[in-house]
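Novice: Starting off with a structure, shown below.
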Amino acid sequence: MKFTAFELRRVVLPLVSPFTTSFGTQHHREAVILRAVGADAEGWGECVALADPVYSPEYTAGAHQILRSYLLPRLLAAGDVSALQVAPLLHGIVGHRMAKSALEMAVLDAELRAADQSLARYLGATVDRVPSGVSVGIMDTLDDLVSAVGGYLEAGYQRIKIKIKPGWDIEPVRVLREAFGDGFGLQVDANTAYTLGDAAHLRRLDEFRLLLMEQPLGEEDIRQHAELARLVTTPICLDESIVSAEATADAIALRAASVINIKPGRVGGYLEARRIHDICRANGLPVWCGGMLETGLGRAANAALAALPGFTLPGDISASNRFYATDITEPIVLEDGYIRVPTGSGIGVTPIPELLDEVTTEVEWITA
Ligand code: OSB
Ligand code: MG
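If you read the sequence shown in the UniProt record's numbering, its first letter stands for residue 1, the second for the next number, and so on.
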């Protein structure tokens with residue numbers, strides 16, 4: 001399809017409660033939303049970069065800038081393009097996978113809407129709903145944590161992930177097992193907060209029957225994760241380190257991880273995400289779909305991806321109301337612990353114009 005214009009929006013959505021990780025506290029979700037205007041249909045994309053470069057090198061203002069100055073002009077100049085051509089077309093621009101992912105998502109959404117096909121069907125989904133997990137931030141007190149997790153279990157979430165950091169790791173896990181027992185899936189996410197020197201400390205998590213330990217060490221510490229994996233029994237899962245299919249293949253070959261968190265935004269798009277799924281499946285590694293506090297747009301698309309057969313663990317695909325009192329789309333809801341896979345064409349949801357306008361802080365049109 002030929003694309004004639006792109007609408008770039010900056011949005012800011014307030015969070016229902018602050019979200020704290022080892023890299024900081026978020027009170028708002030600031031994001032770039034992209035609308036592709038094509039000859040046959042429109043498509044929507046969401047950029048998962050955070051407001052600041054604290055999880056990955058990308059950040060909202062930078063993603064906006066790279067889309068405006070480099071990615072969109074190339075796409076507009078390319079004439080007729082399909083989603084499969086977006087990554088090769090943008091290959092000459094190094095990095096910026098989150099920005100590239102937003103663009104590929106918008107093009108793919110438009111293409112699928114024009115063909116009246118759902119993203120789930122296009123990707124190869126095999127189920128119509130996906131089990132829902134929730135990511136729980138670092139709290140001020142253990143009591144606050146127990147009460148938050150109690151609420152999520154009550155709501156039906158099928159597994160709990162808690163954020164950890166040095167000083168908030170063993171005890172939080174212990175109190176959750178004491179409060180709620182062994183009958184629920186529990187995992188931890190360190191967002192790179194430890195070093196291999198902490199191996200003996202991290203080994204203390206082994207007695208709590210965790211599903212996995214996510215990204216304990218640095219993004220580039222693939223070999224060190226392999227070393228750590230030999231020293232602990234809790235399965236190691238990589239998030240930040242998994243930036244591409246190539247990085248995934250290397251991590252598997254080095255035995256640095258036995259589980260992979262796939263985030264489409266982090267790896268450059270849903271097509272690369274599917275490649276990573278395929279590589280993991282061929283190697284017998286379970287995968288799950290990570291989250292980046294997406295609006296309903298990214299949340300719906302993630303549910304489609306998570307419906308592929310290799311996604312055998314519940315992902316961080318929670319209901320819209322886990323983060324937002326009002327989403328920009330019809331809210332994604334939890335039903336008996338599951339999120340329904342959208343069946344409409346494309347990603348299956350669109351922003352509700354008034355709700356999108358309400359959270360928009362800047363609008364810019366990029367044309368050929
Ligand atoms: O490490 O998985 C992470 C949110 C922002 C940045 C990184 C991460 C997270 C989460 C939240 O854990 C996942 C979600 O959207 O529910
Ligand atoms: Mg993570």
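Beta carbons: idealized from backbone N, C-alpha and C, even for Gly.
1) To the nearest angstrom, how far is it from the Cα of TYR152 to the Cα of VAL134?
2) Please report the distance separating the alpha-carbon of GLY197 from that of ILE236.
3) With a threshold of 8 Å, are at least 3 pairs of Cβ atoms found where one atom belongs to the region 152-165 and the other to the region 32-50?
4) At the level of alpha carbons, what is the spacing between GLY346 and MET105?
5) Kindly indicate which three-state DSSP category PHE180 falls into: helix, strand or coil?
6) Per DSSP, THR21 forms a beta bridge with which residues?
7) Counting beta carbon pairs with one atom in the region 307-320 and one in the region 284-299, are three or more of them shorter than 8 Å?
8) Using DSSP with H/G/I as helix, E/B as strand and the rest coil, what is GLN117?
9) Any chance the CB of GLU178 is under 6 Å from a heavy atom of the ligand MG?
10) Looking at the strands, I want to know which residues DSSP matches up with THR360.
11) Examine the ligand OSB and report whether any of its heavy atoms sits within less than 6 Å of the Cβ of MET139.
12) Taking the straight line between their C-alpha atoms, what separation do you get for LEU72 and LEU186?
13) Please list, following the chain, all residues that have a C-beta closer than 6 Å to any non-hydrogen atom of the ligand OSB.
14) If you draw a straight line from the C-alpha of ALA249 to the C-alpha of ALA51, how long is it?
15) Starting from ASN302, trace the beta strand (DSSP E) both ways and give me its first and last residue.
16) Examine the ligand MN and report whether any of its heavy atoms sits within less than 6 Å of the Cβ of GLU214.
17) Grab the span of the alpha helix (DSSP H) containing VAL127 for me, first residue to last.
18) Reducing DSSP to helix, strand and coil, say where GLY45 ends up.
19) With the cut-off set at 7 Å, would you say THR20 and GLY150 are in Cβ contact?
20) Do the CB positions of LEU89 and ARG68 come within less than 7 Å of each other?
21) Since ALA304 and LEU119 are thought to touch, with beta carbons under 8 Å apart, how far apart are those beta carbons, to the nearest angstrom?
22) Within the region 238-317, note down every full beta strand (DSSP E) run reaching 3 residues or more, in order along the chain.
Specialist: According to the structure data:
1) When rounded, the distance between both Cα atoms is 8 Å.
2) Near 16 Å, if we compare the C-alpha coordinates of ILE236 and GLY197.
3) no
4) 10 Å
5) helix
6) GLY24
7) Judged by pairs of C-beta atoms under 8 Å, the region 284-299 touches the region 307-320, as three or more such pairs exist.
8) coil
9) Annotation for GLU178 indicates a beta carbon at 6 Å or more from all heavy atoms of the ligand MG.
10) Under DSSP, THR360 forms a beta bridge with VAL11.
11) No, the Cβ of MET139 stays beyond 6 Å of every heavy atom of the ligand OSB.
12) Their backbone Cα atoms lie some 41 Å apart in a straight line.
13) TYR55, SER135, ASP189, ASN191, ASP239, GLY290, GLY291, MET292, LEU293, ASP316, SER318
14) 30 Å
15) Where ASN302 is concerned, there is no enclosing beta strand (DSSP E), although the alpha helix (DSSP H) it sits in stretches over 296-305.
16) Absence of the ligand MN from the depicted structure is noted, with the ligand OSB and the ligand MG being the only ligands included.
17) Element bounds for VAL127: n/a, residue is neither H nor E.
18) strand
19) no
20) No, the pair does not count as a contact, with Cβ atoms beyond the cut-off.
21) 4 Å
22) 259-262, 287-289
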